[in-house]
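So for the sequence shown, my numbering puts the first residue at 100; every next one is plus one.
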Amino acid sequence: MGEAVGGLAVLATLGYLAYQFRQTAAIERTAGQRDLLGQARHWLELTLIHDGLFEVLRRVLADWESATPEEREKGNAWMLSAALQTEQALYMWREGLINEASFRGFVGVMVSIAATPGGRSWWKNARIALGDDVSDLIDRELESRPLDAPDWTQIFTHWGPDIASQSTSA
């Protein structure tokens, strides 16, 4: 009789531990998703917080090569932040800590940035700052894009080159 009670106690303990494990995993997924989305929100707010950053990013996304070293550094920091968030999203998705829709969203943003004229120039060298798996993923996504697929500046037209200032400077 004692052995039966002991066996039931072990089974109950294992059941309780499995329940706790599932609960902890769900909490970790929620916290991971919240943290990553908070980072993305902060990254997006950078253009509002730092005067002039929006204009710098418009220039480097349009033409990386003609940007000043200071503009390139600011553009590099902003784009590399997006790339690192994408890398984090990849690893979290693999571990089941974020859902696939969020993961695909981070990849889509990074690919859209890297598909701009300036983003493509930047990406050629910046890709080495990331793990091979995420760099290869972005490369594959860029290669598989149709030639007429919109880039970041076509989706968000206010990010495109400033036509008015180009026509007045000509």
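Note that the Cβ used here is the ideal one computed from N, Cα and C, for glycine as well.
In this structure, DSSP gives R158 a helical state, which the three-state scheme calls helix. Under the three-state reduction of DSSP, S220 is assigned to helix. The criterion of a C-beta distance shorter than 8 Å is not satisfied by P245 and A161. Rounded to the nearest whole angstrom, the C-alpha separation of Q253 and A111 is 58 Å. DSSP, reduced to helix, strand and coil, places W192 within a helical segment of the structure shown. In this model, D250 and P260 are separated by some 13 Å (Cα to Cα). In the same chain as L156, and ignoring 5 residues on each side of it, the C-beta atoms closer than 8 Å to its own belong to T146, K173, G174, W177, W258, in chain order. Within the segment 197-255, the complete alpha helix (DSSP H) segments at least 4 residues long are 199-213, 216-225, 231-243, 251-254, listed from N- to C-terminus. Secondary structure at P168: helix, using DSSP grouped into helix, strand and coil. Per DSSP, reduced to three states, the secondary structure at D134 is helical.
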